[in-house]
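Numbering (mature numbering (1 follows the signal peptide of the UniProt record, and there is no 0)), first residue to last: -23 to -1, 1 to 272.
Even for Gly, the Cβ is constructed at its ideal location relative to N, Cα and C.
Below is one structure, written out as structure tokens, with a few remarks after it.
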């Protein structure tokens, strides 16, 4: 780290003891041109949720974002941030023990997710340093953030992101997946498309049933009201790693996984009939970790 950044890092530690910090529940938006922004070198923000967003228009000097969720953070061991597509005007650093590690600069790959460990006695902090430019009219920086537990199914979109896994789930993992996953969806694979730049595949799921989802990733499609044979079904998309070589296949599957930044990421995905056979055997032996609808 350069001597300039080292001085900034030392200044941050001193400033945090003397200057009040703006606080909000989950999200923050502000301007580098605000009067309070000019009164000191570094603006400070403390956010109290496990997920939210930060938007900083006309960035000037620096912004320090500290994540302090109200809930117990013992299980939140990783922080992931996803810059806005329009990110322009600042570099992003991660603050660790008074040191600043560069995470990304302008011109990075759009929609890339960056993750870093949040272990240690200090709260995780994200430091944005405005790039010196004369014209600030088109500059705005922002990102969404998530505090995650120790999951192995987080998206693998870059070197800074958690490593994913493509191994088939065993029986124990399948039974636990329906209890702990962010989404549990039954459906058919309509199409699979691949993105070589992001190293991901996108699985289109249709004609299914949603047993659980954390957000609105899967939407209900309703037929024309009053039309003969009109019906409704669920439709959505699930991301997975390109290296998993997912291909279209006939029949019904039970898709499970996690949700990150409004996107579904694939975990276990057995054929539905195979899962039902496994679940019924576990239910008869009183070894099912949670209840699942038998229909």
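C-alpha of residue 227 to C-alpha of residue 165: approximately 7 Å in a straight line. One Cα belongs to residue 121, the other to residue 28, and the distance between them is close to 7 Å. In terms of Cα proximity to residue 56, the closest of 30, 92, 34 is 92.
In the structure shown, the three-state DSSP call for residue 177 is strand.
Buried is the label assigned to residue 80, since at least 16 other Cβ atoms lie within 10 Å of its Cβ. Contact between the region 152 to 159 and the region 232 to 246 is present: three or more C-beta pairs spanning the two stretches fall below 8 Å. Assignment of residue 74 by DSSP, reduced to helix, strand and coil, places it in the coil class. It is roughly 40 Å from the alpha-carbon of residue 39 to the alpha-carbon of residue 196. The region 252 to 262 makes no contact with the region 175 to 182; the number of CB pairs closer than 8 Å stays below 3. The three-state reading of DSSP puts residue 210 in strand, counting E and B together. Here residue 107 has 9, 36, 37, 38, 39, 66, 67 as same chain residues with Cβ atoms under 7 Å from its own Cβ, once five neighbours each way along the sequence are excluded. One alpha carbon belongs to residue 3, the other to residue 262, and they sit about 44 Å apart.
Between the beta-carbon of residue 54 and that of residue 95 there is about 6 Å, and that keeps the pair under the 8 Å contact cut. The DSSP-derived three-state label of residue 249 is helix. Rounded to whole angstroms, residue 181 and residue 76 show a C-alpha spacing of 43 Å. Distance from the CA atom of residue 32 to the CA atom of residue 7, rounded to whole angstroms, is 7 Å.
Judged by DSSP secondary structure, residue 8 falls within the beta strand (DSSP E) whose first and last residues are 5 to 8. From the listed residues 89, 60, 98, the smallest Cα separation to residue 73 is found for 98.
Per DSSP, the unbroken alpha helix (DSSP H) holding residue 149 starts and ends at 148 to 157.
Non-local C-beta neighbours of residue 171 in its own chain, meaning closer than 7 Å and more than five positions away in sequence, comprise 178, 219, ordered along the chain. Residue 268 counts as exposed, since fewer than 16 other beta carbons sit within 10 angstroms of its beta carbon.
An exposed status is given to residue 149, since fewer than 16 other beta-carbon atoms sit within 10 Å of its beta-carbon. Residue environment for residue 264: exposed (fewer than 16 other C-beta atoms within 10 angstroms of its C-beta). Contact check for residue 248 against residue 230 passes: the beta carbons are separated by less than 8 Å.
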